[in-house]
Every structure is written in C-alpha cells, then in structure tokens.
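Encoded as structure tokens, the structure appears first; notes follow it.
Protein chains: 2
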Amino acid sequence: MKLFDSVRAPNPRRVRIFLAEKGIEVPRVMVDLAAFEHRSEAFTKLNPLRRTPTLELDDGTIITESVAISRYFEELYPDPPLFGRTPLEKATIEMWNRRVELGFMTEVQMVFRHGHPGMATHEIPQVLEWAEANKSKMMASLRMLNDRLGEVPYIAGETYSIADITLLCAVDFMKPTKIKVPDDHTHILRWYASVSARASAAA
Amino acid sequence: MKLFDSVRAPNPRRVRIFLAEKGIEVPRVMVDLAAFEHRSEAFTKLNPLRRTPTLELDDGTIITESVAISRYFEELYPDPPLFGRTPLEKATIEMWNRRVELGFMTEVQMVFRHGHPGMATHEIPQVLEWAEANKSKMMASLRMLNDRLGEVPYIAGETYSIADITLLCAVDFMKPTKIKVPDDHTHILRWYASVSARASAAA
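Residue numbers (our numbering), protein chains in the order written: chain A, 1 to 203; chain B, 1001 to 1203.
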C-alpha cells in the first residue's frame, strides 16, 4: 500500500492527521504540487483527476478523495471511531464534516485559489470577483462554526471526529489568505488550541 | 419523523430517490424555495443553514445534508446497500459520490446559480464570470464520467449506488442551464436511460 501525499495542501493533511489519530503508518510517496508533479503522465495514470491524496493498494486499486481514503481505514480499523458508531452519530458527524467541507473549507480554498497571484498558473481562469465573494461567505461560516463550538466541545458533538480534522485543516489553510480568525470568536479559538495540541496535528 | 422537502432542487430529490430505492416512506413537509420559505424564522430555527432537505426525528433532533440523511437511513435499513458493504466497496462508492458531487454537480449548480437571471435574488452576488468558467469545467467532468461509464455499468462499478443517484440528479439539473449531454457521450446516455427507467427516478 502507498499513499501519494503532498506538503502544505489541506486535503493530504486531512488523511495524515486521520492516520495519526488511528496510529496507522502507511508508506508515502511525496508529490510536489508546486512543481506540477501531479500533472505528470505517470501520476495522471494513477489518478486522472490529478490530485493528492491518492491511495494505491497492493493489487493496484486506486482510492482517491480524502474522506473516501479515511473511510477505508475507518472500516479496516474501527478504533478509535472517527466517523461515529451509531446511526445517529454517523449521520451527525457526516453532516458536520460536510457543513465544514462544502461550506467553510471550500470558501477558504476559493479565496486562496482565485485571489492569490501564486495560484494564477494553477487555477485557470482565476476569477477575482469569486475570491472576493467568498471572503464574506467564509467569515459568515466561521461565525456559525464559532456559535456551534459555544455549545459543544468538538464540532460534531462530544467527541473528536473527522469533522474536527477537516475544520483544523481549513482554519490552518486561512494562512495564505492572510485573514485571521477574529479575536472575538472565542469558542473556535478555544477549540483550535485544543485540537492543535493533539500529537496528530503535527502530521 | 418528518422530512422537509422541496420540488425541483436537486439535493432534496437525492434523498427522495434514496428512500424510494430503500422502500422507506417518511412523512414530508414541503418547503417552497421560490417563495423563500426556507428563509422563514420557523425554518431557520430548524436548520440555521436554511436548506432542504432537513430531517427532523421524533425527539426533535435535526439531520441536514442529503448524504448524511441518506447514511442515517442506510445504517438503519442496510438493504439494499447503496453505500456498499465491504471496506473497499464503501470507499469506492464514497470516492465516486464525491467526484460526482464536488466536481460535476457543483459545476452544474454554479452555472445555474451564477448564470440564470432567475437566481439573482438567491445568489448574492451573482458572478457571471464564475458561471462561464464552470461551463467548461462541467463539460470536462461530463467527458470523464462518460469515459468511466464506458468501463462499468454504474458509476461506482457493478452495482447501483448513491453515486448514481447523485449523478442522475446532477444530469437532470443541467436542464435550467440549457446545456445538454452531447450526443457522442454514448456511455453516459446509455447509463442515463437505464437509471431513469427505475421507478425511483420519478421520486
């Protein structure tokens, strides 16, 4: 088994943190996104969508998409559960993982990919107006997530889950947008300090 | 249990088709998106993100997000399995569901929401350049999906799954964009005829 991985990008990091929380080690092959290694012929054969993370099983089967790779490991190694145990826990964690990913995380990525000069050769066409539109969406999502974290210790409820991993990677990915979590968002800042202090956050 | 549902929008339809495939009936409350009923005070209390579908359990618990609602029912009623059975099946179906949803389906929605005059009061700001950029992304995704359906009967492989439901709703949602599946995309047209002929497609 081999995990095609990349530094700095948020999605590969989601899988690294997930594996660290599970205590699973997988041999890794680094793919340099800045050098467009993900667009090479060899890598395109592995994953026609040309994205990391990509997992190759020993029989050559390919699994892509951070959440699909994570779920594969969750099914093989259920403890500790990061997708929930009961039907309601599973649905609630999936709901929050999606709210974070399809809302806030996507907005952060749109601000970065469409607004950062360094992304002009990656995101074609860059639509500056779309980056601008996503700044206010991103801040509104952040407020909603802060309110949620005023009610519960972790974003999906009482326990740490894959939804916290997604949110941590998204918050850290605000860095290249040069926008910070506002100081008055005390609940998300409390949560951020707590999940960043876990050993897995260094993955 | 109550399902807050809406006509025409693709996400509520995903859950209706999922329930029809499972043979599950859930009492429904219709929410009129065109009349902005999803932005009413009462509905905002149920789902602060103000979107359908929204599932309310008998104890008042709320589950939102079409895939999270579907997974809740999958866990309660595993047969027929629409998310897969083995770890590899589950990962593969999740991968394809995400490829369809985060790629093609999102692109269709961006073309519609940012390009259709009727959406100007729903999507603020409308970014016409973003609608245009998504037209070519959408057509490239459609080609990739057509190629995939040249290799397997269903989008995630040998059996019908939630990923087919997502793709069917996305293809049908091309209608308001006034762009059709090109005639030379014979594999996806073959697949479309097959999944549209299932009783569930009328849901």
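Where is the CB? At the ideal position from N, CA and C, for every residue including glycine.
Small disclaimer: the values here were computed from a predicted structure and weren't measured.
query                                                                                                                                                                         : result
Less than 8 angstroms between the C-beta atoms of residue 1107 of chain B and residue 1141 of chain B, yes or no?                                                             : yes
Applying the 10 Å Cβ sphere with the 16-neighbour rule, what's the burial state of residue 164 of chain A?                                                                    : buried
Per DSSP, residue 4 of chain A forms a beta bridge with which residues?                                                                                                       : A:29 and A:54
Tell me, please, whether the CB atom of residue 1191 of chain B is closer than 8 angstroms to any CB atom in chain A?                                                         : no
Taking 8 angstroms as the cut-off, decide whether the C-beta atoms of residue 1031 of chain B and residue 1038 of chain B are in contact.                                     : yes
Would you mind reading off the limits of the beta strand (DSSP E) that contains residue 62 of chain A?                                                                        : 62-64
Does any residue of chain A bring its CB to less than 8 angstroms from the CB of residue 1052 of chain B?                                                                     : no
Kindly indicate which three-state DSSP category residue 154 of chain A falls into: helix, strand or coil?                                                                     : strand
Could you check whether residue 1177 of chain B and residue 1100 of chain B sit closer than 8 angstroms to each other, using their CB atoms as the reference points?          : no
Quick check on the DSSP output: the alpha helix (DSSP H) that includes residue 179 of chain A runs from which residue to which?                                               : Careful: residue 179 of chain A lies outside any alpha helix (DSSP H) and carries neither H nor E.
Using CA atoms only, rank isn't needed, just tell me which of A:17, A:7 and A:10 is closest to residue 198 of chain A.                                                        : A:17
Which first and last residues belong to the alpha helix (DSSP H) in which residue 1088 of chain B is found?                                                                   : 1087-1098
Can you give me the Cβ contacts of residue 44 of chain A inside the same chain, cut-off strictly under 7 angstroms, excluding the 5 residues immediately before and after it? : 50
With distances taken from CA atoms, which of A:173, A:192 and A:87 is nearest residue 9 of chain A?                                                                           : A:173
Leaving out five residues before and five after residue 131 of chain A in sequence, what residues of the same chain have Cβ atoms less than 7 angstroms from its Cβ?          : 110, 111, 114 and 115
Under 8 angstroms between C-beta atoms, does residue 48 of chain A make it to chain B?                                                                                        : yes
In chain A, what lies closer than 9 angstroms to residue 959 of chain B by C-beta?                                                                                            : Outside the displayed span of chain B (1001 to 1203) sits residue 959 of chain B, for which this structure offers no information.
How many Å lie between residue 137 of chain A and residue 104 of chain A at the Cα?                                                                                           : 8 angstroms
For residue 1203 of chain B and residue 191 of chain A, what's the separation of their Cα atoms in angstroms?                                                                 : 41 angstroms
What three-state label does DSSP hand residue 166 of chain A in the structure shown?                                                                                          : helix
With distances taken from CA atoms, which of A:97, A:74, A:98 and A:84 is nearest residue 1087 of chain B?                                                                    : A:74
Please confirm if residue 1231 of chain B has its CB atom under 8 angstroms from at least one CB of chain A.                                                                  : In the structure as shown, chain B begins at 1001 and stops at 1203. Residue 1231 of chain B is therefore absent and cannot be evaluated.
Give a yes or no on contact between the segment 1052-1071 of chain B and the segment 79-95 of chain A, applying the rule of three or more CB pairs nearer than 8 angstroms.   : yes
Spatial neighbours of residue 1154 of chain B within its chain, please: C-beta separation below 6 angstroms, excluding the five flanking residues on both sides.              : 1160 and 1164
Looking only at C-alpha atoms, which of A:27, A:11 and A:36 sits nearest to residue 122 of chain A?                                                                           : A:36
How big is the Cα-Cα spacing for residue 20 of chain A and residue 135 of chain A?                                                                                            : 31 angstroms
Once you ignore the five residues that flank residue 157 of chain A on each side, which residues in its own chain have a CB closer than 7 angstroms to its CB?                : 92
Could you say which of B:1025, B:1034 and B:1022 lies nearest to residue 1119 of chain B if we only look at CA atoms?                                                         : B:1034
Using a Cβ-Cβ distance under 8 angstroms, would residue 1217 of chain B count as near chain A?                                                                                : The structure shown has nothing for residue 1217 of chain B, since chain B only spans 1001 to 1203.
Do residue 98 of chain A and residue 1015 of chain B count as a contact pair if the criterion is CB distance below 8 angstroms?                                               : no
Should residue 154 of chain A be flagged as near chain B, meaning a C-beta pair shorter than 8 angstroms?                                                                     : no
Would residue 129 of chain A pass as a contact of residue 1129 of chain B if the rule is Cβ separation under 8 angstroms?                                                     : yes
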